[in-house]
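Chains as they are written, first to last, in the working numbering: chain D, 44 to 313; chain H, 1441 to 1786.
For each residue, glycine too, the CB sits at the ideal point set by N, CA and C.
Source: prediction; values computed, not measured.
Below is the structure:
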């Protein structure tokens, strides 16, 4: 009995250790690379530590600042565009008895069902004709494509959970349809809509393929910078970029996490 | 705002190729309390929602006072509705819930606060203004929902089973409270309910509905004593139906069946001759608190009666119903007008 309990605990500990290694191992390696000044085979650990590469990355000419700025701007615009389309679309899909509702929902999934490389290549070809290649707008559009899928699906589910009689009560007491949507439905759906925004934002932050085909070389985002650095064998720069990439993600998640707390939520929309 | 009469003319509604309401005609007096009563699925809630403007009519007209509201959107109708779920907005406090209809009407903040405070006081909820609606009990929510509807001083109040989500004791006390409030405001009120006791206690006028049609419109007393047909009678607790026999008291010309309630039927009591008599064997005897409910097997049918003392199973007993408690029905299962003795002679 006791021996078996011990065995179970050892087994559990081992499993946790392996999972932790799989999850955190690459991150640890990345963190070491970010602060390594010299790290040659066959040394297991860097032989020289320091911030020399950080200084190189953040040199004005190196483009890290511009990339960071681009990444955040593109992500924010992609969130805005996706939500601007997903809120009315999700509301209509949730509320109206559209005959082809399920078909429409599946259509939204279609871009995700195909391998995205051919899709982005084709988008790049079309955008080239429209003069959108290498523009911020083009990149935002490309990032909104996968973003819309999350946004519409989550928004539809969220609006469907809003009790219809809450809207009817507002209409009954004198609110126009738009006013009741703004004052009643939207505050009720806010947590779900924020969740959808996180998905779109995080998806955009590390989007690579679409940016590569549509944006490069005029528009560089952090993932592109990282790609270039890795391809050039500059692991330090790639690792530092990756760490920078964490900043907007973690920051956004912290903000959202704060907003998603119930007591804060109940104060939104007043 | 002045309270108004409500007139429904030929109101017909189809939903998904199915007729939900069939040519409803109804007149509701200003300041009266009308109950829409019927089993679930009879169309009573649809009718209420049609009056509020949430269900479009396929035919017919709805008038509030002299004005037709048939083609107005819900927000232009001024009909205040209390929903079955109360539909209080959970992201607003009690005070904000009450104040929102006034805010929509552009009432300035100070006046708004005053009217909210007045309403809370009338509902005996003073001091609840800042409270979240999710912290309220069922009865308190119900009162807030009622206050929110009444704060706009509407010409017509619509109540959709407002008491059905409350437990029995609160329900009983709120019935009286609601009725007193309605009378003191003199507001025309339409309430949907499936509870006959509630309708009988509260209404000036009961509209009995079945399968999308109005079966009977009557005062509670009239409806209880003279239900329009057998199904209505059963719905109103008439649980015994017997075929007429020669020696039965003839209180209606051409009656083929009598209906009566269990509490009007006595076993082995000494009534006068002008009563309905049935002999049978006792098949069951259940104590009910007030007395005993006796099941009597008469010619293969089971009749129910009351008795002060228990009766042994298998014993023969006589069930008697005073003539005044008999409800006569014709061969078409419809109520026959009861005949006064004097009319009979004349």
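If you draw a 10 Å sphere on the C-beta of residue 1771 of chain H, you find fewer than 16 other C-beta atoms in it, and that means exposed. Within its own chain, the residues whose Cβ lies closer than 6 angstroms to the Cβ of residue 1538 of chain H, once the five positions on either side in sequence are excluded, are 1556, 1559, 1587, 1588, 1591, listed in chain order.
Secondary structure of residue 1458 of chain H (DSSP, three-state): strand. Around the beta-carbon of residue 246 of chain D, 16 or more other beta-carbon atoms lie within 10 Å, marking it buried.
Minimum Cα-Cα distance from residue 1650 of chain H among the listed residues H/1483, H/1453, H/1775 corresponds to H/1483. Restricting attention to D/298, D/85, D/262, the CA atom closest to the CA of residue 238 of chain D is found in D/298. Between residue 1594 of chain H and the set H/1512, H/1443, H/1687, the nearest pair of CA atoms involves H/1443. Note that the stretch 91–100 of chain D does not touch the stretch 201–215 of chain D; fewer than 3 beta-carbon pairs, one per stretch, sit closer than 8 angstroms. From the beta-carbon of residue 218 of chain D, the residues of chain H found nearer than 7 angstroms are 1515, 1544.
With a threshold of 16 other beta carbon atoms within 10 Å, residue 1519 of chain H meets it and is buried. Our two residues, residue 1760 of chain H and residue 1729 of chain H, have alpha carbons roughly 21 angstroms apart in a direct line. The DSSP-derived three-state label of residue 1627 of chain H is coil.
For residue 214 of chain D, at least one C-beta of chain H is nearer than 9 angstroms to its own C-beta.
When the beta-carbon positions are compared, residue 1672 of chain H and residue 1474 of chain H stay at least 9 angstroms from each other. By the CB criterion at 9 angstroms, residue 1768 of chain H and residue 1698 of chain H fall inside the cutoff.
When C-alpha distances from residue 1740 of chain H are compared across H/1720, H/1753, H/1504, the shortest belongs to H/1720.
Nearest to residue 201 of chain D by C-alpha distance, out of D/123, D/255, D/147, D/135, is D/135. Annotation: the continuous alpha helix (DSSP H) that includes residue 50 of chain D extends over 45–77. H/1581 is the residue among H/1491, H/1575, H/1581, H/1569 whose C-alpha sits nearest the C-alpha of residue 1527 of chain H. Within chain H, the residues 1527, 1529 have their CB atoms less than 7 angstroms from the CB of residue 209 of chain D, given in chain order. Comparing alpha-carbon positions, the option among D/242, D/119, D/226 lying closest to residue 196 of chain D turns out to be D/242. Taking the Cβ atoms as the reference, residue 1755 of chain H lies roughly 5 angstroms from residue 1722 of chain H, within the contact range of under 8 angstroms. Taking the C-beta atoms as reference points, residue 1695 of chain H is found nearer than 9 angstroms to residue 1776 of chain H. CA-CA distance, residue 1648 of chain H to residue 1502 of chain H, rounds to 19 angstroms. Here residue 1529 of chain H is not near residue 130 of chain D, since their CB atoms are 9 angstroms or more apart. The alpha-carbon separation between residue 1549 of chain H and residue 1568 of chain H amounts to approximately 18 angstroms. One alpha carbon belongs to residue 154 of chain D, the other to residue 190 of chain D, and they sit about 11 angstroms apart.
In terms of Cβ geometry, residue 1704 of chain H and residue 1752 of chain H do not form a close pair [threshold 9 angstroms]. Excluding residues up to 5 positions away in sequence, 1529, 1532, 1588 lie with their Cβ nearer than 8 angstroms to the Cβ of residue 1540 of chain H in the same chain.
In the DSSP assignment, residue 1566 of chain H falls outside any beta strand (DSSP E), carrying neither H nor E.
The shortest C-alpha to C-alpha distance from residue 1744 of chain H to any of H/1773, H/1706, H/1750 is the one to H/1706.
Between residue 1757 of chain H and residue 1708 of chain H, the C-beta gap is smaller than 9 angstroms, which places the two residues in contact.
Contact of residue 1521 of chain H with chain D by beta-carbon distance below 9 angstroms involves 211, 212, 215, 216. Contacts between residue 91 of chain D and chain H, judged by CB atoms closer than 9 angstroms, are missing: the closest CB pair is about 57 angstroms apart. The C-beta of residue 1582 of chain H comes no closer than 9 angstroms to any C-beta of chain D.
Taking CB atoms only, residue 130 of chain D has no neighbour in chain H less than 9 angstroms away.
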